[in-house]
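Heads up, the sequence shown is in the working numbering, so the first residue is 402 and it goes up one at a time.
From the three backbone atoms N, C-alpha and C, an ideal C-beta is built for every residue, glycine too.
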Amino acid sequence: MIQTQKVETFFDSIKETEIQAYNEYWAELKPQTEGGAFKRYLFAFMSVHTTWENNCKGYNAIKEYRKWKLEQDEQLQLWNYHSDKLFKKIKKTRVGMQNNRTNFIGLFSDRFWSNPSDYLTKKTDEPWTEWRNRLQKNILGLGNAKTSFAIEMLYPTEAKVACMDTHLFRVYGLDQTKNAKLYFDIEKDWIDRSDERGLAPYMARC
């Protein structure tokens, strides 16, 4: 059963002055280039099944993507990334899942750079959640939560999706594994409460 007492208390505690400050601060963090947007996705990939510290460590190891991404005139393989270089960078950080991370990130890199607009902007009048669902089906290795996380970082003050992670499931009195089917229900509740306070769901979550 979804419990909202803690959520209600949290949103009631947010001050109007904080909302204005959050809006101004997060608006400045929106990526302005395709490369900047790509890095937001990399951060999301490195956040899967790890701590915040390891998330940052893993991201810092691969954020200079030109060092492991192959240019077309250098391509000697069926993909456009240097798998050995990427694997070694991830393995060195000891964040785990280096095989899957290498495969998932490499595949995403190929798809992203073949048509960046698919991953940067939603269709006109397309609801944010539908865009997220569409992206999630096309991004191997990111589920609903982490795809939402990537979108949140792309559009911190605009996105109407929310990365409902283990912590937020617990805030709602739920177990993420046992109650996974309630993801969209608690996400909607979080978004609605954020809208009522004039705050982006991502900013409320942070």
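Residue i, DSSP secondary structure in three states
{"i": "residue 573", "result": "coil"}
{"i": "residue 666", "result": "Absent from the model: residue 666. The displayed extent of the chain is 402 to 607, so no value can be given."}
{"i": "residue 457", "result": "helix"}
{"i": "residue 554", "result": "helix"}
{"i": "residue 409", "result": "helix"}
{"i": "residue 497", "result": "coil"}
{"i": "residue 487", "result": "helix"}
{"i": "residue 526", "result": "coil"}
{"i": "residue 580", "result": "coil"}
{"i": "residue 521", "result": "helix"}
{"i": "residue 568", "result": "helix"}
{"i": "residue 462", "result": "helix"}
{"i": "residue 507", "result": "helix"}
{"i": "residue 425", "result": "helix"}
Which residues DSSP lists as bridging residue i, in chain order
{"i": "residue 470", "result": "482"}
Neighbour flag for residue i against chain D, beta carbons, 8 angstroms
{"i": "residue 535", "result": "In the structure shown, chain D does not exist; there is a single protein chain."}
Close-in-space but distant-in-sequence residues of the same chain around residue i (CB under 8 angstroms, 5 per side omitted)
{"i": "residue 530", "result": "561, 562, 585, 588"}
{"i": "residue 555", "result": "431, 432, 438, 441, 521"}
{"i": "residue 507", "result": "480, 482, 484, 487"}
Residues of its chain near residue i, where Cβ-Cβ distance is below 7 angstroms and the 5 sequence neighbours each way are ignored
{"i": "residue 540", "result": "509, 548"}
{"i": "residue 471", "result": "481, 482, 483"}
{"i": "residue 546", "result": "564, 565, 566"}
{"i": "residue 448", "result": "456, 547, 550"}
{"i": "residue 439", "result": "466, 513"}
{"i": "residue 491", "result": "459, 462, 463, 499, 502, 503"}
Own chain partners of residue i with C-beta closer than 6 angstroms, once the 5 adjacent residues on each side are dropped
{"i": "residue 517", "result": "435"}
{"i": "residue 600", "result": "420"}
{"i": "residue 494", "result": "458, 459, 462"}
{"i": "residue 523", "result": "532"}
{"i": "residue 427", "result": "557, 558, 604"}
{"i": "residue 594", "result": "412"}
Beta-carbon separation (whole angstroms), residue i vs residue j, contact threshold 8 angstroms
{"i": "residue 558", "j": "residue 496", "result": "That pair is no contact at about 29 angstroms."}
{"i": "residue 446", "j": "residue 543", "result": "7 angstroms"}
{"i": "residue 533", "j": "residue 412", "result": "Their Cβ separation, rounded to whole angstroms, is 22 angstroms, which puts residue 533 and residue 412 out of contact at 8 angstroms."}
{"i": "residue 487", "j": "residue 469", "result": "4 angstroms"}
{"i": "residue 526", "j": "residue 408", "result": "Not a contact, Cβ separation roughly 29 angstroms."}
Stretch pair the stretch 432-445 + the stretch 497-505: three plus CB contacts closer than 8 angstroms | no
The stretch 567-580 / the stretch 403-418 touching (three or more Cβ pairs under 8 angstroms) | yes
Would you call the stretch 414-433 and the stretch 448-467 in contact, with 3 or more CB pairs under 8 angstroms?
-> Because the criterion of three Cβ pairs below 8 angstroms is not met, the stretch 414-433 and the stretch 448-467 do not touch.
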